[in-house]
Each structure stands twice: as C-alpha cells, then as structure tokens.
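Here this note's numbering = 1-based position in the sequence shown + 35. Every residue, glycine too, gets a C-beta built ideally from N, C-alpha and C. Bear in mind that the values here come from a model prediction, so they are computed numbers and not experimental data. Working notes, beginning with the structure itself.
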Amino acid sequence: MPIGPRTAGVLALASLAGLMMLCWPLLLDAEPGQRVEPPFVFLALLSLVIVVVLAEMGEGGMDARVLAVLGVLSAINAVLRGFGAGTAGIELVFFLLVLGGRVFGAGFGFAFGCTSMFASALLTAGVGPWLPFQMICAAWVGMFAGLLPRRVTGRGEVVMLVVYAVIASYLYGMLMNLSYWPFTLGIVVPDHQGSLAYVAGAPVLENAHRFLVYTLLTSTGGWDTGRAITTAVAIVVLGPAILTTLRRAARRAVVAPGASAQSSRSAGVGAAEPGEVRAG
C-alpha cells in the first residue's frame, strides 16, 4: 500500500502521540512522592489520532480489496490471540503481524496492528484503558516490519524477520510495562532490596533505572521471552508458506489510487493490472 507524504506525516504524528502517552511520567515535573493519575484525555486523543491515520491511508490507495485483506487478516489474528491469550508468554498474534507488514508495507502494518488488537479485544472482552497502548505498540510492530530492507529474500529474509520479531517481542513487553508501571504503587520484588515503584518528580535516570530493573525481573525472562520464542518458531515453520500466500494476494489487492475496475478488465489476459506489482 503506497504511503504519501501526508500519510507519512500523520503516521509520525500518531507515533509521537504514542510516545508521549508512554513516556510522560518520566518527564513529569512534580513534587517527590506526589500521587500521579493517568491523563485519560490522552487516551481519547490517541484513539482519535489512530482513526485519522486509518482515514488518511484510506485516501492514499486502500481500496475495497485491500480493506478486505485487512479485515480477513485482522479476524484471523483476533482468533489466534484467543487461542494463546498470553498464557506463559505464548502469543500467536505477532508472527502474522510481522509477515503482513513485511508483504504489504509500513502503512498496512500500522493499520493491521491497530485493527488486530481492537478486534481481539472485542472478541475476548478485553476492552479497557490498556487497549490504546496495545493498539499503538502492535501498530509499531507491523509498521517497522514494513520498513525492513526489501532486497533481502529467501532464507536471509526469514532470518531477518526472526531477528526482528525477537527484538520487537521484547520491546513490546517493555513498552506495555511502561504503560502501567507509573500507576502501580508499592512494587516490591522478592530478593530485591527496596521498592521498584515509580517516584513522581524523581530524576529521569533514577526512574528509568527502577523501571528497567522492574522489567528485567518481572517480564523479560518470562512473558517476553515466551512471546519471542513463540513468534520466532512460528515464522520459521510457517513464514515461507504464508509469505508466498500473502504475496499472491498482494498482487491482486494492491492497486494504485484511482485505478478503475473497467481499466483492469481491459488490460487483457496475462497483462498486469493497473498498479499491480509483478513478482520478479
């Protein structure tokens, strides 16, 4: 799916809003020990930005066929998430998200991440204040998968996607921890001296150190590692076949903005449809 300058700008705006949502407690100027409440207005703002992003990409070439592919993949991901449900870090969502972003591009990957998390939340009754954070973090996973080098193919491509998936799995877990860590009081981890809770008004490096230690002790070695292993194994086992299938769908679904069905029919048998990308 092509991304124009306007869509790229809105994607950057959405990502900036997401970073503000996640990182503002670390930069907050407050009295030491002051209780900090989450700014729910940011949640509404982020949701609106995501809607604007989807609208912008719709104006940039997401026609009915691309929307159909997006809907089918989002539905599959919603069902897959229900099977794993995050038990012991087993997540079946991210491998398809990485592969979809790789084939269809960064814009599609961003939208795919948003719709996958939203659809799965509706399916599993998981709607809550954490949902916008899940949507933006999953959107980044799909978007950056679409920005990986295009010249890498074959086994090298699978290796690249596995390495990216492992890194993305750990970063996703860390960012999701950051979304709720500042509002969790009295965090004490066994065998660790002192509290790892967020301290309002403390220096940035001090709070960042507490957060990193908290993440390493509670998430990195367990849930995040399970997510990384599950995603990597799924890409190795299912990746080549799914990449081939998605690329066949991409040659039929991705069209240039303004291309009409009549011009497609008049192209003739064996000829490339307007905007169709032929495999090399």
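If you reduce the DSSP assignment to three classes, tell me which class residue i lands in.
| i | result |
| --- | --- |
| P40 | helix |
| E241 | helix |
| E126 | coil |
| T188 | coil |
| P164 | coil |
| G106 | helix |
| T219 | coil |
| Y14 | It is not possible to answer for residue 14, since the shown part of the chain is limited to 36 through 315. |
| G148 | helix |
| T159 | coil |
| G53 | helix |
| L278 | helix |
| L183 | coil |
| G140 | coil |
| V312 | At V312, the pLDDT of 40 sits below 50, so the modelled position is not reliable and the matter cannot be decided from this model. |
Once you ignore the five residues that flank residue i on each side, which residues in its own chain have a CB closer than 8 angstroms to its CB?
| i | result |
| --- | --- |
| L166 | M152, F153 and A156 |
| L115 | L127, V128 and L131 |
| V187 | M195 |
| L183 | R137, M195, L196 and Y199 |
| P275 | V193 |
Beta-carbon within less than 7 angstroms of residue i's beta-carbon, same chain only, minus the 5 sequence neighbours each way: which residues are those?
| i | result |
| --- | --- |
| C172 | Y207, L210 and M211 |
| L158 | A113 and G117 |
| W216 | Y233, F246 and Y249 |
| F147 | L105, L108, S109, L132, G135, G136 and G177 |
| V162 | A156 |
| V320 | In this structure the chain extends from 36 to 315, so residue 320 is not present and cannot be described. |
| I111 | L131 |
Return the residue from the list the options that minimises the CA-CA distance to residue i.
| i | options | result |
| --- | --- | --- |
| W175 | L61, C58, L46 and A113 | L46 |
| Y205 | A99, I111 and T266 | T266 |
| C58 | F168, T159 and A110 | F168 |
| R190 | G53, L273, L105 and L48 | L273 |
| F143 | I111, A269 and F179 | F179 |
| V271 | P164, L240 and Y199 | Y199 |
| I85 | A49, T219 and A276 | A49 |
| P60 | M170, V128 and E241 | E241 |
| A203 | A263, G53 and A235 | A263 |
| A52 | V187, A276 and M170 | M170 |
| L127 | W258, V239 and P238 | W258 |
| S214 | I111, R185, P164 and V239 | P164 |
| L62 | T280, V239 and G256 | V239 |
Taking 8 angstroms as the threshold (beta carbon to beta carbon), is residue i in contact with chain D?
| i | result |
| --- | --- |
| V114 | Among the protein chains of the structure shown there is no chain D, as only one such chain exists. |
Using a Cβ-Cβ cutoff of less than 6 angstroms, which residues in the same chain neighbour residue i once the five nearest sequence positions on both sides are dropped?
| i | result |
| --- | --- |
| F130 | T266, A269 and I270 |
| C149 | I85, M170 and A174 |
| L89 | A146 |
| G181 | G136, G140, A141 and G144 |
| I277 | L134 |
| Three-pair Cβ contact test at 8 angstroms for the stretch 190-199 versus the stretch 237-257 | no
Touching or not, the stretch 138-151 and the stretch 276-286, by the rule of three or more beta carbon pairs under 8 angstroms? yes
Does the pairing of the stretch 99-117 with the stretch 240-249 give three or more beta-carbon distances under 8 angstroms? no
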